[in-house]
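Undergrad:
In UniProt numbering, the protein residues as written are 1 to 600.
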């Protein structure tokens with residue numbers, strides 16, 4: 001089985017030939033870096049992911065964490081991998097040098113983290129959650145909170161989680177019941193229950209820092225009354241050293257289809273002992289703060305879905321090259337040697353679809369990471385603002401599109417393997433099981449569809465959408481070869497139809513029942529997502545066509561031809577599927593809306 005997690009040639013193409021990541025070193029924050037340092041840290045991530053993470057991926061899936069005698073039992077390799085990740089500086093990789101970080105661009109950190117997720121999604125979940133929780137404290141915490149928790153989280157001594165979901169509320173955060181009562185000592189007493197908390201209990205770190213949403217007594221109803229609290233597993237002293245156990249306890253482990261290496265927990269707060277929580281920022285602003293972590297997590301979910309899809313693609317590609325079976329239809333001699341299954345057109349179809357989904361999803365997520373870099377470090381204030389608006393608009397797509405088509409790629413990988421793919425002796429069935437979580441967590445894809453059509457498209461008088469159209473126009477005009485021009489024309493025509501449908505839906509949202517308009521939001525998400533990924537493929541095709549003429553080896557020419565053929569697949573096989581979405585949206589189809597519960 002291949003040990004290739006992500007094709008390094010493809011990653012270099014995406015980072016340097018499409019996104020020009022090397023140019024980031026001209027910015028003050030990244031001035032001590034260059035392509036050599038970027039490549040060195042990527043090489044370290046690739047090597048560590050293969051040697052420390054991939055080696056126990058299957059074992060952690062088969063021997064998932066257990067709750068024994070009040071403790072979580074886990075494979076020792078999980079802690080070894082976490083500690084190696086932390087010691088190499090990856091938890092703090094994007095942070096300031098003063099905090100022990102490397103001040104790496106988000107684009108490079110995303111690429112690095114892609115290797116770890118592709119290698120072992122379960123173990124990779126712990127440091128990723130820790131990084132996101134630490135960033136929440138860094139941005140919104142007070143000085144005491146930063147000094148108390150950040151150094152230990154960034155060093156890997158403490159881990160972090162996000163605790164939002166409650167048993168009765170699910171994704172409806174307006175209905176959470178966890179309460180927070182102020183004390184005279186400056187902290188709050190937290191009381192309630194959370195469920196599906198990834199990493200909520202484990203045996204990896206000395207302490208776990210939970211970022212908990214709760215409502216202060218007397219707070220406004222709904223989401224306007226939500227506050228954010230730091231709730232550590234152990235109360236700490238002034239130096240951050242753990243002391244007595246806080247009143248947050250494991251109520252149960254949840255057993256999942258995939259992602260088994262990451263504990264999924266039900267937690268109780270304040271049941272057996274007082275549970276101390278520390279208010280982050282202002283009261284009743286918690287959801288606004290948490291959205292930073294949620295949006296980071298949503299981009300991370302999309303990236304994870306893309307690279308797990310990519311990992312399955314790498315496996316099935318190698319298998320298809322090695323597996324001998326059958327002969328081509330044109331071969332009439334039954335005694336002729338069998339051919340590798342990659343010689344069969346239908347297998348190439350399945351591999352090409354995987355390539356289009358995986359590399360398209362990777363391109364989308366790396367583009368999102370580049371927008372983060374521009375949002376925070378572009379020297380032009382106007383460009384920083386525009387990057388933020390674009391990222392906000394595209395976040396539902398970055399989360400949802402790869403988490404829809406990454407599992408679809410894994411499904412095709414199983415099919416390429418045939419009966420072997422359906423067995424646990426081969427790796428691709430686990431890829432599918434691990435990836436199947438991604439359309440669900442951090443806001444289901446249905447929620448992303450509602451967010452996109454119901455809110456993101458119209459924000460700031462659709463300024464983000466206007467910026468997106470401008471960015472796309474640059475690449476449409478850059479398509480100069482015959483093939484690329486043909487694809488640019490196809491994308492442009494589809495885009496014009498999508499704009500008309502969007503305008504029509506906007507008028508209906510203002511004048512009609514929003515329930516009817518939003519009933520087909522999933523169609524809009526598919527339409528919008530496929531247009532965006534078509535754009536990602538046009539960007540790649542433009543870069544490949546430009547480089548093909550000067551390619552000086554057969555391997556390089558094959559690489560660029562492969563990019564162009566995958567782009568052709570997407571434009572010929574995938575983009576046309578949005579025609580149905582356009583019809584349903586244009587007609588505001590009422591099939592689902594008018595179905596009655598009692599008719600099922």
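Cβ atoms here follow ideal geometry from the backbone N, Cα and C, with glycine treated the same way.
1) Going by alpha carbons, who is nearest to residue 210 out of 303, 250, 57, 378?
2) Would residue 481 pass as an interface residue toward chain B - the criterion being a Cβ-Cβ separation below 8 Å?
3) Let me know the secondary structure DSSP gives residue 146 once reduced to three states.
4) Report the partner residues of residue 71 according to the DSSP bridge assignment.
5) In whole angstroms, give me the CA-to-CA distance for residue 228 and residue 304.
6) What does a CB cutoff of less than 6 Å around residue 519 pick up in its chain, not counting 5 residues either side in sequence?
7) Using 8 Å as the threshold, is the segment 394-409 in touch with the segment 291-306, meaning 3 or more CB pairs across them?
8) Given that a residue counts as buried once 16 or more other Cβ atoms are within 10 Å of its Cβ, and exposed if not, what is residue 195?
9) Going by CA-CA distance only, name the one from 151, 493, 395 that's closest to residue 448.
10) Note down, in chain order, each residue of its chain lying with its Cβ closer than 7 Å to the Cβ of residue 157, except the 5 sequence neighbours on either side.
11) From which residue to which residue does the alpha helix (DSSP H) around residue 308 run?
12) Who pairs with residue 252 in a beta bridge, going by DSSP?
13) Within the same chain, show all residues whose beta-carbon is closer than 6 Å to that of residue 543, passing over the 5 residues directly before and after it, in chain order.
14) Just to confirm, is the Cβ distance from residue 112 to residue 140 under 8 Å?
15) Does the count of Cβ pairs from the segment 407-414 and the segment 366-378 closer than 8 Å reach three?
16) Does the segment 224-242 come within contact of the segment 311-321, defined as at least 3 CB pairs closer than 8 Å?
17) Given a cut-off of 8 Å, decide if residue 72 and residue 310 are closer than it, judged by their beta-carbon atoms.
18) Indicate whether the contact test is met: 3 or more Cβ pairs, each with one atom in the segment 526-546 and one in the segment 492-501, closer than 8 Å.
19) Residues in its own chain within less than 6 Å of residue 294 by CB, not counting five upstream and five downstream?
20) In the DSSP assignment, find the beta strand (DSSP E) that holds residue 211 and state where it starts and stops.
21) So, for residue 25: in the same chain, excluding its five sequence neighbours on each side, which residues have a beta-carbon less than 7 Å away from its beta-carbon?
22) Could you tell me which residues DSSP puts in a beta bridge with residue 234?
23) With 16 as the cutoff for other CB atoms within 10 Å, does residue 368 come out buried or exposed?
24) Between the segment 464-484 and the segment 328-342, are three or more C-beta pairs nearer than 8 Å?
25) Please list the terminal residues of the continuous beta strand (DSSP E) segment that includes residue 161.
26) CB of residue 301 to nearest heavy atom of the ligand GTP: below 7 Å?
27) For residue 171, which residues from the same chain have a beta carbon less than 7 Å from its beta carbon, with the 5 sequence-adjacent residues on both sides left out?
28) Using 10 angstroms around the beta-carbon of residue 28, count the other beta-carbons present and answer buried if the total reaches 16, otherwise exposed.
29) Excluding sequence positions up to five away, which residues of its chain have a Cβ less than 6 Å from the Cβ of residue 3?
30) Determine, using beta carbons only, whether residue 403 and residue 427 come nearer to each other than 8 Å.
31) State the CB to CB distance for the pair residue 265 and residue 197, rounded to an integer number of angstroms; the pair is presumed to be in contact (CB under 8 Å).
32) Using the C-alpha atoms, what's the distance from residue 419 back to residue 350?
33) Is residue 600 buried or exposed, if buried means 16 or more other CB atoms sit within 10 Å of its CB?
34) Tell me the rounded alpha-carbon separation between residue 570 and residue 356.
35) How many angstroms separate the CA atom of residue 102 from the CA atom of residue 155?
36) Can you tell which of 22, 181, 165, 182 has the C-alpha that lies nearest to the C-alpha of residue 175?
TA: Inspection of the coordinates gives the following:
1) For this step, residue 210 is matched to residue 210 along the chain shown. It is 250 whose Cα lies nearest to the Cα of residue 210.
2) Absence of chain B from the displayed structure is noted, only one protein chain being present.
3) The residue given as residue 146 occupies position 146 in the chain shown. When secondary structure is reduced to three states using DSSP, residue 146 falls in the helix class.
4) Here the question's residue 71 lines up with position 71 in the chain shown. According to DSSP, which records beta bridges pairwise, residue 71 is partnered with 68.
5) Sequence index remark: in the chain shown, residue 228 carries index 228 (1-based). Sequence index remark: in the chain shown, residue 304 carries index 304 (1-based). If you take the alpha carbons of residue 228 and residue 304, they lie about 26 Å apart.
6) Taking the first residue of the chain shown as 1, we reach residue 519 at position 519. For residue 519, where only same-chain residues beyond five positions count, the Cβ hits under 6 Å are 592, 593.
7) In the pairwise beta carbon analysis, the segment 394-409 is classified as touching the segment 291-306: at least three pairs are separated by under 8 Å.
8) Start at 1 with the first residue of the chain shown, and residue 195 comes out as number 195. With a 10 Å radius around the Cβ and a threshold of 16 neighbouring Cβ atoms, residue 195 comes out buried.
9) Counting from one through the chain shown, the residue named residue 448 turns up at place 448. Residue 448 has its Cα closest to that of 395, out of 151, 493, 395.
10) Taking the chain shown and counting its residues from 1, one reaches residue 157 at position 157. Once the five neighbours on either side are set aside, the close Cβ partners of residue 157 are 205, 206.
11) Taking the chain shown and counting its residues from 1, one reaches residue 308 at position 308. Its alpha helix (DSSP H) spans residues 286-322.
12) Taking the first residue of the chain shown as 1, we reach residue 252 at position 252. Answer is 266, bridged to residue 252.
13) Within the chain shown, the letter at position 543 stands for residue 543. Cβ neighbours of residue 543 beyond the five flanking positions: 17, 18.
14) One-based indexing of the chain shown puts residue 112 at position 112. One-based indexing of the chain shown puts residue 140 at position 140. Cβ atoms of residue 112 and residue 140: not closer than 8 Å.
15) Contact fails: fewer than three Cβ-Cβ distances are below 8 Å.
16) As far as the Cβ criterion goes, the segment 224-242 does not touch the segment 311-321, which means the pair count is below three.
17) Along the chain shown, one-based indexing puts residue 310 at 310. Along the chain shown, one-based indexing puts residue 72 at 72. Result no, Cβ atoms of residue 310 and residue 72 do not sit closer than 8 Å.
18) Yes, the segment 526-546 is in contact with the segment 492-501.
19) Position 294 of the chain shown, counted from the start, is the residue given in the question as residue 294. Nothing meets the Cβ criterion.
20) For the purposes of this step, residue 211 is taken as the residue at position 211 of the chain shown. That run of the beta strand (DSSP E) goes 207-216.
21) In the chain shown, counting from the first residue as 1, residue 25 sits at position 25. Cβ contact annotation for residue 25 (same chain, cutoff 7 Å, sequence separation greater than five): 31, 33, 34, in chain order.
22) One-based indexing of the chain shown puts residue 234 at position 234. Among the bridge pairs identified by DSSP, residue 234 is matched with 245.
23) Your numbering for residue 368 matches position 368 in the chain shown. In the assembly as shown, residue 368 is a buried residue. Its beta-carbon has 16 or more other beta-carbons within 10 Å.
24) Taking 8 Å as the limit for Cβ pairs, the verdict is that the segment 328-342 does not touch the segment 464-484.
25) The count along the chain shown starts at 1 and reaches residue 161 at position 161. The continuous beta strand (DSSP E) containing residue 161 extends over residues 158-163.
26) The ligand GTP is absent from the structure shown, which contains no ligand whatsoever.
27) As a working mapping, residue 171 is identified with position 171 in the chain shown. Closer than 7 Å at the Cβ level, and outside the excluded window around residue 171, lie 443, 444, 447.
28) Counting from 1 along the chain shown, the entry for residue 28 is found at position 28. Exposed.
29) Numbered from its first residue, the chain shown carries residue 3 at position 3. The residues are 50.
30) Here the question's residue 403 lines up with position 403 in the chain shown. Here the question's residue 427 lines up with position 427 in the chain shown. Going by C-beta atoms, residue 403 is not nearer than 8 Å to residue 427.
31) Within the chain shown, the letter at position 265 stands for residue 265. Within the chain shown, the letter at position 197 stands for residue 197. For a cut-off of 8 Å, the C-beta gap from residue 265 to residue 197 is around 5 Å, short enough to register as a contact.
32) Stepping through the chain shown from its first residue, residue 350 is reached at position 350. Stepping through the chain shown from its first residue, residue 419 is reached at position 419. For residue 350 and residue 419, the gap between their C-alpha atoms comes out near 16 Å.
33) Along the chain shown, one-based indexing puts residue 600 at 600. By the 10 Å Cβ count, residue 600 comes out exposed.
34) Reading the chain shown from its first residue, position 570 is the one you call residue 570. Reading the chain shown from its first residue, position 356 is the one you call residue 356. Answer to the nearest angstrom: the Cα atoms are 6 Å apart.
35) Position 102 of the chain shown holds residue 102. Position 155 of the chain shown holds residue 155. Residue 102 and residue 155 have their C-alpha atoms some 13 Å from each other.
36) Counted from its first residue, the chain shown places residue 175 at position 175. Ranking 22, 181, 165, 182 by Cα distance to residue 175 puts 165 first.
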